[in-house]
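Peer 1:
Number of protein chains: 8
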Amino acid sequence: MNLTDILQKIQSGKLSAAAAAKAIDGMYERDLGFARIDLDRHKRCGIPEVIYCPGKSAPQIAKIMKALIDSGQNILATRATPEQYKIVRRQHPRSKYNKEARTISLMASGKRATAGQIAVVCAGTSDIPVAEEAAVTAEFMGARVTRVYDAGVAGLHRIFKHLSALKQARALVVVAGMEGALPSVVGGLVDRPIIAVPTSVGYGVSLHGVAALLAMLNSCVPGISVVNIDNGFSAGVAAAMIARKEVRDQRSGIGI
Amino acid sequence: MNLTDILQKIQSGKLSAAAAAKAIDGMYERDLGFARIDLDRHKRCGIPEVIYCPGKSAPQIAKIMKALIDSGQNILATRATPEQYKIVRRQHPRSKYNKEARTISLMASGKRATAGQIAVVCAGTSDIPVAEEAAVTAEFMGARVTRVYDAGVAGLHRIFKHLSALKQARALVVVAGMEGALPSVVGGLVDRPIIAVPTSVGYGVSLHGVAALLAMLNSCVPGISVVNIDNGFSAGVAAAMIARKEVRDQRSGIGI
Amino acid sequence: MNLTDILQKIQSGKLSAAAAAKAIDGMYERDLGFARIDLDRHKRCGIPEVIYCPGKSAPQIAKIMKALIDSGQNILATRATPEQYKIVRRQHPRSKYNKEARTISLMASGKRATAGQIAVVCAGTSDIPVAEEAAVTAEFMGARVTRVYDAGVAGLHRIFKHLSALKQARALVVVAGMEGALPSVVGGLVDRPIIAVPTSVGYGVSLHGVAALLAMLNSCVPGISVVNIDNGFSAGVAAAMIARKEVRDQRSGIGI
Amino acid sequence: MNLTDILQKIQSGKLSAAAAAKAIDGMYERDLGFARIDLDRHKRCGIPEVIYCPGKSAPQIAKIMKALIDSGQNILATRATPEQYKIVRRQHPRSKYNKEARTISLMASGKRATAGQIAVVCAGTSDIPVAEEAAVTAEFMGARVTRVYDAGVAGLHRIFKHLSALKQARALVVVAGMEGALPSVVGGLVDRPIIAVPTSVGYGVSLHGVAALLAMLNSCVPGISVVNIDNGFSAGVAAAMIARKEVRDQRSGIGI
Amino acid sequence: MNLTDILQKIQSGKLSAAAAAKAIDGMYERDLGFARIDLDRHKRCGIPEVIYCPGKSAPQIAKIMKALIDSGQNILATRATPEQYKIVRRQHPRSKYNKEARTISLMASGKRATAGQIAVVCAGTSDIPVAEEAAVTAEFMGARVTRVYDAGVAGLHRIFKHLSALKQARALVVVAGMEGALPSVVGGLVDRPIIAVPTSVGYGVSLHGVAALLAMLNSCVPGISVVNIDNGFSAGVAAAMIARKEVRDQRSGIGI
Amino acid sequence: MNLTDILQKIQSGKLSAAAAAKAIDGMYERDLGFARIDLDRHKRCGIPEVIYCPGKSAPQIAKIMKALIDSGQNILATRATPEQYKIVRRQHPRSKYNKEARTISLMASGKRATAGQIAVVCAGTSDIPVAEEAAVTAEFMGARVTRVYDAGVAGLHRIFKHLSALKQARALVVVAGMEGALPSVVGGLVDRPIIAVPTSVGYGVSLHGVAALLAMLNSCVPGISVVNIDNGFSAGVAAAMIARKEVRDQRSGIGI
Amino acid sequence: MNLTDILQKIQSGKLSAAAAAKAIDGMYERDLGFARIDLDRHKRCGIPEVIYCPGKSAPQIAKIMKALIDSGQNILATRATPEQYKIVRRQHPRSKYNKEARTISLMASGKRATAGQIAVVCAGTSDIPVAEEAAVTAEFMGARVTRVYDAGVAGLHRIFKHLSALKQARALVVVAGMEGALPSVVGGLVDRPIIAVPTSVGYGVSLHGVAALLAMLNSCVPGISVVNIDNGFSAGVAAAMIARKEVRDQRSGIGI
Amino acid sequence: MNLTDILQKIQSGKLSAAAAAKAIDGMYERDLGFARIDLDRHKRCGIPEVIYCPGKSAPQIAKIMKALIDSGQNILATRATPEQYKIVRRQHPRSKYNKEARTISLMASGKRATAGQIAVVCAGTSDIPVAEEAAVTAEFMGARVTRVYDAGVAGLHRIFKHLSALKQARALVVVAGMEGALPSVVGGLVDRPIIAVPTSVGYGVSLHGVAALLAMLNSCVPGISVVNIDNGFSAGVAAAMIARKEVRDQRSGIGI
C-alpha cells in the first residue's frame, strides 16, 4: 500500500486518520531501539539506506542489515573494519567484505539496479581506499566501473595511456590529495561530468585535504564539481545517478 | 583535416614533420595579439571557448566573437555589462543580451547541441543572477531548463509546489547563499544528481559564501556535489553534460 | 543575613567593616582547597553551581556535591563518566546517572524550580548526547521537555509528524551537526525562540562543527540564536530561562 | 479561508484540487514581478515579512509596503537610507524613519502585538546602530525596551548603575564589538536569557567582528546565545519572542 | 676576560685572531654533544638559559643543569614531568620541583636577582598551571609575586576583593581561557602594565586558545599586551623585567 | 569630593542616597549628547580619555576637547586627518598637529606626567605612522623617546649602530610588518621589556598584518609581548606605563 | 675604501674610531630625508636597491634614481604607474617603461651582470603582469629569458609545444592563479629548479591566491619552491641568482 | 631502446602499434602488485624514484629497493624508522641508515651524480631532523653540504661565525620553526638563492608551522623561496638541482 493508495482511502472514507497515520509511519521507518531505519529512502532518494559503520557495534550492524533485508533491500555498509565483518559474517554468511573499500555488501534482493559505465581515477596509492569506496558504491547502484589508479600529474603518461577508456565513461570520479591538480588535468582532456574528491592525504599545509579541496573548487575547467574530503561514498552515488540508463519517475515524495 | 588524418599522412610520408606541426597548431588556436583563442576546446571538452568578459574591452570581445564565428562556433560571453553589450551589438547585431544572467549569446552555427531537461532552483531573489547564469549556460549547451526561483528553506511550501516539475529533470542545479541549506532539503526530496552552487549572498560570518559552501560540502544527503562560490557557469556546464542525450566519443585528444 | 541586611547594619553601626567583609565573603563562596565553590551563583545567575566533571577525581566531585547539598542546593554534574559515578554513588546513594546525557543529579533540596514546556530536537543519532545534555539541564531547572530526536533535513516527514508537539513549547533547542540546516527548517515552521546547537559530528570540512556553527549563524530565519559547539548545557539553561513561569526579581547583585 | 478549511472542503468534495491549489497559493504569497511577498510569514513565524532595503529601489520598497498594508500588516523596513525614505514617504506619509536604527516603520494595522519588557545594552558609541536595530525591531513586535548604551567593560560603573533596570527585563540583548566581553560581564550579574550580538566594530585582528563572535560563543556564563555579526534585527526578534506574554498556538503550518 | 679585553688585546697585538676567536667562542657556549648551551644569554638577555624539558631525557636535563651550575648560574627548567624530576633529583638533590608550575629550580649561585612586586591573576582552576609557570619564572628572576587565582568575569566580586593588592604591583600578568575577557576587566580597574596570557582552556570554537587570544588583542583597554597561548614563562619574564628595580647597563653585545 | 568622602558622608548621614548617587555620577562622566566622556579614566587607568577621531566630525572633536580641558586634563586625539585639525585649530589655537603620527595634542594642564626613557624601533618607511603614534602617545604620558626608524632585518647594521642607545631605554616598542622578525632580533640583543607592534604593511599572504602578528607571538625570545595590528597607541601606553618613575597608588576604583 | 681597509687602518692607528664609524656609515646608506637608500645592498645581497613605487610620489622616485645613479648603479623600479613614469621620464629621459611588467629601468652603469638562461611560464592572460615582472627583473640581473605564456593545464598541448625550449633553461619561474596546478605539471616534465608564483587571479574560494599558494606548497613534485602571492619580483631575483654563471665571493658583510 | 627509437621504428613500419605501446610501457614503470614504480623518473625529473616509508611494510620497502637496484639506480628511502631498517638490512646489508635524517640509502650504481657546494642552516635543535633530511637528500644527488645548525636569531653570533662558510655555497637551505625569521636574517647577509623550510616546531599559535611559513613567504628579502612545512626532502632536491655543475639536456619527455 503506497502513499497514494492511503490518501485515496482517506478521501473515500475507507481509512481513519489515525489508522492512516500509523500506516504511513510504517512505510517510512522501523525503530530498532538503538536506531531508526529509513525504509523509504530508496524510493525517495534512489539509493537504499546505507549503513555507516563507525560507532556501531557489529551486532547492531547485523540487526540493521536484517531489517533492511526483511524490507527487500540490498545492503551496503561503509567504513567497516575487518573485526566488524568477522562478527557480521556469522549471521549473514552471504555478505562480502571489500578490504580496500572497507565495505560490506549483500545482494539480498533479486532485483539489481542497472546504470551505465563510469570511471574512477586516482592520483596515488594512498588515495585508493577513497577511490574504491566510490567504485564499490557506484557498482552497488548498478554502474559498471573502470578503475584507473596511481595516475598522478607528476607522471602524465599514465593518464594518456587510459584516455580512450576514460572516454567510454558516462561520468568520472577523480580522486586526489596533496595539490589536487588531477581533476583539472583530466577535465582538460575528457568532456564528461567530473566529480572531484579531495583526500586528506598530504603533509604540512595540506591541512588534511583543504588544500586539495580548494584547488578543485578553483579548477579552470568548467563542469567539475566537488564533494567533501574523503567522501568516496557521495561521489560514487553522484556518478551512478548520472550514469543511470533511464530516469525513474514513479517515486513518491513528502507531502504529495 | 583532423589529427588522425595528419598522423596518417606523416606515416605515409605525405606530410613533413614541420608542415604537420604547423597544421596541428592551426587546429588548436588562433592568436589575436591580445588573446589566444582555443578553437579546439569544443572538441576536447564538449563546450566551445566561452568568453569571460571582465577585464576585456568591448572591441576585444567583439573580435574574439568574430574569430569564433569564423571557426563555426556558437557564442556565449559571461559576466558582460550592458555597456559592453551596447558596443558589441553594433558589430554583431544578431547577438542577444540576458540582463539577469549578464550573458551575450549568438547562435552563429546552424547546428545546436541537444540535451535533456534540467532544473535550476534558487533560494532568494539575490541568488537569481547566479541561477540565471547556470540556466543560460545549460540552455546554450542544448538543455531545456525548468526554473524554480525564490524557494528558500524558510518557506518550504514553495519547494513542495514544484516537486513534480523537479522530478522531470535529469539533473538539478541548486543555488543558495546564507546558510546554504537548500540543496540538502531538495536532495532529501528528489533522487537526481544535484550540483550545489553557494553564493556570496549573506552578512556577518557568511564569509562571502564560505559558510554556504561548507554547509553544502557537509550535506547529509549523498550525491550532492558542489562548485565554487557564485560559479553558475560551471554548474550549468555540469548539469548540461549530465543531461546530454548521447555521449559523443569521436573527439580527438592530446598526443593520441 | 543577606547583603542588604549587612549593608544596613554598617550604616547603623551594628557591624564593623571587617566583620561585614568576612560575612559577605562567606555568602559567596566556600574554599575546599582544590576548588572554590560559588555558593551565590544560584541567586546571582538563576542556576546553582553546576559541576563540570572532566579533570576532577570522583572523590573531589563527591566533596563538591556535599558542600552544595550543605548549602541547600540541588546537584547537577555534567560530562561525568560511568567510572566517576560508580565512586560518587557510594557517598551519595540517592544521586542518579543519565548515561546518554552523561550527567549525575541529586535533588537534595525539597524545593524544585518550575518552568514551562520546552522542546529539544536533534538531527541524527550521534547528536543525541548533546541533545540529552540540554534536555536534562532544562529539566533540572524545572522545565518539562519534549524530545524529538533523529529528525534530519533529509527526512522532513519526521519533523512534520511532530509539528503540533513543537508548537506547545515555549522555546526550542535544535541540535545538528554536518550542514547544520535543521534550525532553519524548524524555524520556518514554528514561531518560537530557537536556541541552535551545532555539534562536532561530521567529516572532512565539517571542521569539528564549525561548518554547522556558520550555517546556524547565517540562518535566513530571524530569531534563531546559537551557542558554542556541543554546548548542550548552555542551550538547556537558555531554554529553561526563557520558559520560566515568572521572573524572579529578588536576587542580590554585586555592588548594590 | 485558512488551510484547514480548504482541506476539509477537498475531503467533502466542495473544492477541486486545482481550485484548492490556487486558493492555497494566494494565502501564501503575492508576486509583484520584482519580488514575491510572503504574506503567510506572520502566521507561520510570528513576525510579518520585514523589508530588507539594500539592493531595492525606493519605489520597489514603497510597492512592497503597499502590498503588505493591503493584506493588513504593519510595516518594518530595515537598513533603509535617508534617500530611500525620502521617496518612500511621498507615497506613505504616515511612515516614520529612525535615523540611528536605519528603519522605516508604519503601523498600518490597528492591532498591535504586545510583549513584555526587554533591555538592550551596548558597549560603545559605534555599536549603537546595531543596538537600535534590535530595539526598534523588538518594539515593532510589541515589546517595551530599556536602552543602556555606552556601557563597556572598561567602565564597569556604567553597568552597575543600571543593574536594577536590567533586572526588570524578561530578556536582554547585549551588543559589543572589539573583545566582545560585555555579555559575559552582564551575564554574571543578571539571571535573564541573554542574546549576544557581536558587531564589526574593531581594528586589526578584530576580523570584522569574528573576534567578538568567538568571545561570545566561548562565554564562561551559561545561557548566553549569539546571533550573526551586526544582526540586531534577529536579536530583536529573538528577545521579543521570549518576552511575549502568551504563546499563540493557533497558527497553521506547512503540510498541516 | 670579557669581549672588550679580547678586542683590546687584538689591537695591542697581544692576541692572534685565531686565539681570540676561540676565546670569544668559549665565552658564548658549551657544546654537550646533544645540545649547545648559551652561556652568554644571562648577560645578553637578562635571564639565564632556561631548560625546556619536553623532548629531553632526564639524564640530558641533569647534564645541562651541571654545565650551567659550573658557569655560576641558577637553574630553571620548565614543563618538567614528575618522572623527569625523580631522576634529576638523584644528581641534584638540592633542586626543587613545583608540581603545579611543572618547574625544576636550583639556586646554585649565591647571587639572586632582585625585582619589585608583580601580581598574577587567573580566571579559572584550569588556568592555574599557566599562571604558576608565570609566577615561578618571575620569582626566579627576583620578583615578589601576589597570586589572585580563580577570579573569572562571571564572579566579579573575587576581583574587587583583591583590588588593593593588585594596585601594589608594578606589573600584572592576567591569565584566561575561554572568552579571554579578564584582562579587559582588570585593565579597566588598575593602571598598571598588563601582560595578558590566553590559555588553551575551552571547548567548541575556543580553537585551543585562539578565541581568547583574539579577545585580548582586541581589548578596548590600551596598554594591554599579549603573549602566545599558554606561554606563562614568557609572561613571567616580561613582568619581572618591568618590575626590575634598576636597569643594568653593563652587558656586552654582539658586534660591539 | 572623592568617592571615599561621599561614602563617609553617607555613613554619617550627611548625604542622602539620591544625592550621593548624583555626585558619584558627575565624578565619572559628562554627557555631550553625541558622546559620554569618561572623566574618571585618568584616575582609574593612568591615562586621560584619548579621543579616537575617525567617525567624528571636527566640531565634535573640538567640543570633547573643551570638556576635557574644563576638567583639567591634557588632550591627545589620535588618527586625526589634516582636515579635522584645520577646523579644530580655530577653536583650540594652541593645539598641535603631528602629521606623521596623525595626532592632535594640547597640553592644557600645567601638570605633566614624568616617566623614564623608552625607545621606538621600526623596520621600514611604511611602518613610521604606527611607530610615531606610539612615540607621541608615550611622550604625552611623560616619557622621553629615542626613535630608531628604518632598521629592518635585511640591514642589521642599522640596528647595531643604535644598540647602545637602545640599552638606555626602560622599555622598547618594536614595530614591523611583513615577516615581523625585528622584535626577535632586537630581543636577542637587548634585555629590556619589548612591546611588539605588527603592522598591516605587506603583500600577498601578509594577511593585513596577521603574518607579522603570528611571528611576534611565536618569538623564540621570552619577554616579548604583542599588541593588536597597527595599534601604536596601545604600545605607547604600555611602554610609558613601564617607564613610569614611581607608581602612583592614590587612585580610587570601582567598589572601593 | 672598503670595510677591510677601514678596519686595517683602525688597527694600524691611521683612523680614529669616530672617523671610522662615519666612513662605514657613508658606505652603507644615503639619507634623502624622505628615504634612506641602502647603497650597500648590491654588494651584500647581489642585487641593487630596487625602488618599490606604490606610495611614492614621482619626484621622490626620480630623486632616489638619481642617488643610485650617482653611486654607479643600474635602476629598476617596480609597480610603477604610467602616470609616475610620465614625470620620471622628464628627469631621466633614458629610462624605459615596461607597460605589462609595470617597471621603469635605466641601465646607467656600463657594467651589466651576466647570468644564464631562464624560462618564465604562465597559465592565463591575467597572470601576465606577474610573469612579466619576474622576467624583467631576471633580465635586469643579466639573465636571458624565454617566455611561455598562456599555457594552462586545461590545454596541455601548449606546454608540450614548448618542452624543448623549457629544457634549455637553468631555472624556471612558473606563474599560475586559480587551482595553481601548472608548476606540478611542468615539474613532472622538466628537471630544473622551479620557482612557483601563485597569483591572486581567481574567483570565489580562490581566497585572493591562497588556494593556488596551498596547491603549490603541496606539490607532489619535489624541488618546487614557492614565493608570496603575485611576487614576480622575488621569483625573478631567485631565478637569476640560480642562473648566475659564476658565484661572486668578493663581497663584504656585516661584522666581517 | 629509447622513445625516439621506438617512434622511428613505427614510422619505418618495423614495429606494430601494439608492440610499441608495450615497449613504451616497460620503459616507464614496473608493477609490484602493491606499488607501481616509476623507472623513468630519474631521466624525466633528474632524481630517481625516492621511497617514502610511512605506511609501507619493511618487506615492501625491501622489494621496491630491489626493483630499483635491478634497473641500475641508487636508493634513497625517507622517513624510515629504525624498525623498518632492521628488517630491510637483512636483505640489503650494504644499505645505510641515518638516524637523524631518518633515511636509508644504498649506492648501488657505480655512477654518482656530482653537484657543487650547498649549505644547510637551522635555527634550533628540534629543527635538525628536517635539516638533516635536506642535507642527506642533497648529498644523495651529488652535492657537498656545509651544515650550520642551532643558529637562531636570538643568538646572531652563531650565524656571523659561519658567514664565510655560507658564502662558499651555491645555494642555501634555511630551516626554522617558531617565528621563522632566520631566512630573512641570513638572506640579508648572503647573496645566494635561499630555500626556506618552515618546521612544525612551536607552541600556541605557531599553528604547526603555519606562522613560520607565513613569515618566510613575507620575507622582506627578495629571492627567498619556500617549500612545505617540514619538507626537508624537497628543499634538498631544489638546492642540489641549483648546485648542479652542468645542466643535462639529454632526457626524454612525454609526447616527444
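In order, the protein sequences belong to chains A, B, C, D, E, F, G and H.
Under the working numbering, the first sequence has 215 at position 215, and the numbering climbs by one with no breaks.
Counting the second sequence from 1 gives a position; the working numbering is that position plus 256.
Counting the third sequence from 1 gives a position; the working numbering is that position plus 512.
Counting the fourth sequence from 1 gives a position; the working numbering is that position plus 768.
Counting the fifth sequence from 1 gives a position; the working numbering is that position plus 1024.
Counting the sixth sequence from 1 gives a position; the working numbering is that position plus 1280.
Counting the seventh sequence from 1 gives a position; the working numbering is that position plus 1536.
Counting the eighth sequence from 1 gives a position; the working numbering is that position plus 1792.
Even glycine gets a Cβ: it sits at the ideal position worked out from N, Cα and C.
1. Using a beta-carbon distance below 8 Å, is residue 1918(H) in contact with chain E?
2. Closer than 7 Å, Cβ to Cβ, to anything on chain B: give me those residues from the stretch 1711-1745 of chain G, in chain order.
3. Taking residue 940(D) as the reference, give the member of 851(D), 1000(D), 970(D), 977(D) with the closest Cα.
4. Would you be able to state if there are at least three C-beta pairs under 8 Å between the stretch 1238-1251 of chain E and the stretch 1188-1205 of chain E?
5. Helix, strand or coil for residue 329(B) per DSSP?
6. From the DSSP output, in three-state form, read off residue 1275(E) for me.
7. Measure the alpha-carbon distance for residue 1265(E) versus residue 1139(E) and round it to whole angstroms.
8. Start and end of the beta strand (DSSP E) containing residue 1653(G)?
9. Going by DSSP in three states, residue 512(B) sits in which element: helix, strand or coil?
10. Go through its chain and collect everything with a Cβ distance to residue 2036(H)'s Cβ below 6 Å, but skip five positions before and after it.
11. In this structure, how does DSSP classify residue 1702(G) when only helix, strand and coil are distinguished?
12. Using a Cβ-Cβ cut-off of 6 Å (strictly less than) and excluding sequence neighbours within five positions of residue 570(C), which residues of its own chain qualify?
13. Considering residue 1695(G), what are the terminal residues of the beta strand (DSSP E) in which it resides?
14. With 16 other CB atoms within 10 Å as the buried threshold, where does residue 850(D) fall?
15. Between which two residues does the beta strand (DSSP E) holding residue 1168(E) run?
16. What do you get for residue 710(C), buried or exposed, if any count of 16 or more other CB atoms within 10 angstroms of its CB means buried?
17. Checking 8 Å against the spacing of the C-beta atoms, do residue 151(A) and residue 123(A) come in under that value?
18. Within this structure, are the beta carbons of residue 1258(E) and residue 1502(F) separated by less than 8 Å?
19. Can you give me the C-alpha to C-alpha distance between residue 1517(F) and residue 1374(F), rounded to a whole angstrom?
20. Does the CB of residue 391(B) have a neighbour CB from chain D at under 8 Å?
21. So the beta strand (DSSP E) residue 470(B) belongs to, where does it begin and stop?
22. Does DSSP classify residue 1964(H) as helix, strand or coil?
23. Can you give me the C-alpha to C-alpha distance between residue 135(A) and residue 145(A), rounded to a whole angstrom?
24. According to DSSP, simplified to helix, strand and coil, what is residue 1109(E)?
Peer 2: Reading it off the structure:
1. Here residue 1918(H) refers to the residue found at position 126 of the eighth sequence. Yes, because at least one Cβ of chain E sits closer than 8 Å to the Cβ of residue 1918(H).
2. 1739, 1740, 1741
3. For the purposes of this step, residue 940(D) is taken as the residue at position 172 of the fourth sequence. The shortest Cα separation from residue 940(D) among 851(D), 1000(D), 970(D), 977(D) belongs to 1000(D).
4. yes
5. Here residue 329(B) corresponds to residue number 73 of the second sequence, with the count starting at 1. In the structure shown, residue 329(B) sits in coil (DSSP, three-state: anything other than H, G, I, E or B).
6. Indexing the fifth sequence from 1 puts residue 1275(E) at position 251. At residue 1275(E) the pLDDT is 38, less than 50, meaning the model places this residue with poor confidence; the figure from the coordinates comes in the next sentence. Reduced to three states, the DSSP call for residue 1275(E) is coil.
7. Mapped onto the fifth sequence, residue 1265(E) falls at position 241. Mapped onto the fifth sequence, residue 1139(E) falls at position 115. Computed Cα separation, rounded: 8 Å.
8. Counted from its first residue, the seventh sequence places residue 1653(G) at position 117. Run containing residue 1653(G): 1653-1658, per the beta strand (DSSP E) assignment.
9. Sequence index remark: in the second sequence, residue 512(B) carries index 256 (1-based). Confidence is the limiting factor: at residue 512(B) the pLDDT is only 28, short of 50, which leaves the residue's position unreliable, though a coordinate-based value still follows. Looking at residue 512(B) - three-state DSSP - the assignment turns out to be coil, as it is neither helix nor strand.
10. The count along the eighth sequence starts at 1 and reaches residue 2036(H) at position 244. Answer for residue 2036(H): 1907, listed in chain order.
11. Looking up residue 1702(G) in the seventh sequence gives position 166. DSSP places residue 1702(G) in helix when its eight states are reduced to three.
12. Sequence index remark: in the third sequence, residue 570(C) carries index 58 (1-based). 596, 599, 600, listed in sequence order.
13. As a first step, residue 1695(G) must be located in the seventh sequence, where it is residue number 159. Looking at the DSSP string, residue 1695(G) is not in any beta strand (DSSP E); the run it does join, the alpha helix (DSSP H), is 1693-1697.
14. To locate residue 850(D), count along the fourth sequence from 1; it is residue 82. Classification of residue 850(D): exposed, given that the 10 Å Cβ count is below 16.
15. Locating residue 1168(E) in the fifth sequence gives position 144, where the first residue counts as 1. First-last of the beta strand (DSSP E) with residue 1168(E): 1168-1172.
16. Numbered from 1 along the third sequence, position 198 holds the residue referred to as residue 710(C). Buried.
17. Taking the first sequence and counting its residues from 1, one reaches residue 151(A) at position 151. Taking the first sequence and counting its residues from 1, one reaches residue 123(A) at position 123. Closer than 8 Å, so yes.
18. Numbered from 1 along the fifth sequence, position 234 holds the residue referred to as residue 1258(E). Numbered from 1 along the sixth sequence, position 222 holds the residue referred to as residue 1502(F). Yes.
19. On the sixth sequence, residue 1517(F) is found 237 positions in, with the first residue counted as 1. On the sixth sequence, residue 1374(F) is found 94 positions in, with the first residue counted as 1. Cα to Cα, residue 1517(F) sits roughly 24 Å from residue 1374(F).
20. Mapped onto the second sequence, residue 391(B) falls at position 135. With 8 Å as the cut-off, residue 391(B) does not count as an interface residue toward chain D.
21. Stepping through the second sequence from its first residue, residue 470(B) is reached at position 214. No beta strand (DSSP E) contains residue 470(B), which is instead part of the alpha helix (DSSP H) from 466-473.
22. Working through the eighth sequence from its first residue, we reach residue 1964(H) at position 172. In this structure, residue 1964(H) counts as strand in the three-state DSSP scheme.
23. Walking along the first sequence from the start, residue 135(A) turns up at place 135. Walking along the first sequence from the start, residue 145(A) turns up at place 145. Cα to Cα, the separation comes out at about 6 Å.
24. As a working mapping, residue 1109(E) is identified with position 85 in the fifth sequence. Correct three-state label for residue 1109(E): helix.
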